[in-house]
Amino acid sequence: ATIKGPQGSIWEYGVFHLLIDIPPKYPEYPPKASFLTRILHPNVNRWGEVCERETRPIPQNIVETMCWHPAMTIAMVVASANSLLISP
Numbered sequence: 001a002t003i004k005g006p007q008g009s010i011w012e013y014g015v016f017h018l019l020i021d022i023p024p025k026y027p028e029y030p031p032k033a034s035f036l037t038r039i040l041h042p043n044v045n046r047w048g049e050v051c052e053r054e055t056r057p058i059p060q061n062i063v064e065t066m067c068w069h070p071a072m073t074i075a076m077v078v079a080s081a082n083s084l085l086i087s088p
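Counting in the UniProt record's numbering, the sequence shown runs from 1 upward without gaps.
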């Protein structure tokens, strides 16, 4: 997936590519998403994995921050990644 940096953010003019890995048992099991484009963000490590700064220093999938439910969609995963850029 590709997302544009949100207007008014420091990433406003950026274009970011995400890797979304969909498991065989989707939607019962959530997809895994990470940034392919290098991004300087307090919650994204150098491998593109989402990490909560102080509360959880280990890598965390973007989807884990959403409390996955099988009714959720890939579009929601992309929106969650975009929301990281709106409010880190």
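Glycine included, C-beta positions come from ideal geometry on N, C-alpha and C.
Quick caveat: nothing in here was measured; it's all calculated off a predicted structure.
Residue range of the unbroken alpha helix (DSSP H) whose run includes residue i
{"i": "Ala33", "result": "Per DSSP, Ala33 belongs to no alpha helix (DSSP H); it is in the beta strand (DSSP E), 32-35."}
{"i": "Ile74", "result": "74-86"}
Sequence-distant residues of the same chain with beta carbon closer than 8 Å to residue i, five excluded per side
{"i": "Gly5", "result": "Trp11, Glu12, Tyr13, Gly14, Val15, Phe16, Leu85"}
{"i": "Pro27", "result": "Pro70, Ala71, Met72"}
{"i": "Ser9", "result": "Leu85, Ile86"}
Terminal residues of the beta strand (DSSP E) in which residue i lies
{"i": "Val15", "result": "15-21"}
{"i": "Ile3", "result": "2-4"}
C-alpha gap between residue i and residue j, whole angstroms
{"i": "Ile39", "j": "Lys25", "result": "30 Å"}
{"i": "His69", "j": "Ala33", "result": "15 Å"}
{"i": "Pro30", "j": "Leu36", "result": "19 Å"}
{"i": "Ser87", "j": "Gly48", "result": "17 Å"}
{"i": "Ala75", "j": "Pro23", "result": "16 Å"}
{"i": "Gln7", "j": "Ala81", "result": "15 Å"}
{"i": "Cys67", "j": "His41", "result": "22 Å"}
Neighbourhood of residue i by C-beta distance below 7 Å, restricted to the same chain and skipping five residues each side
{"i": "Ala1", "result": "Leu18, Ile20, Val78"}
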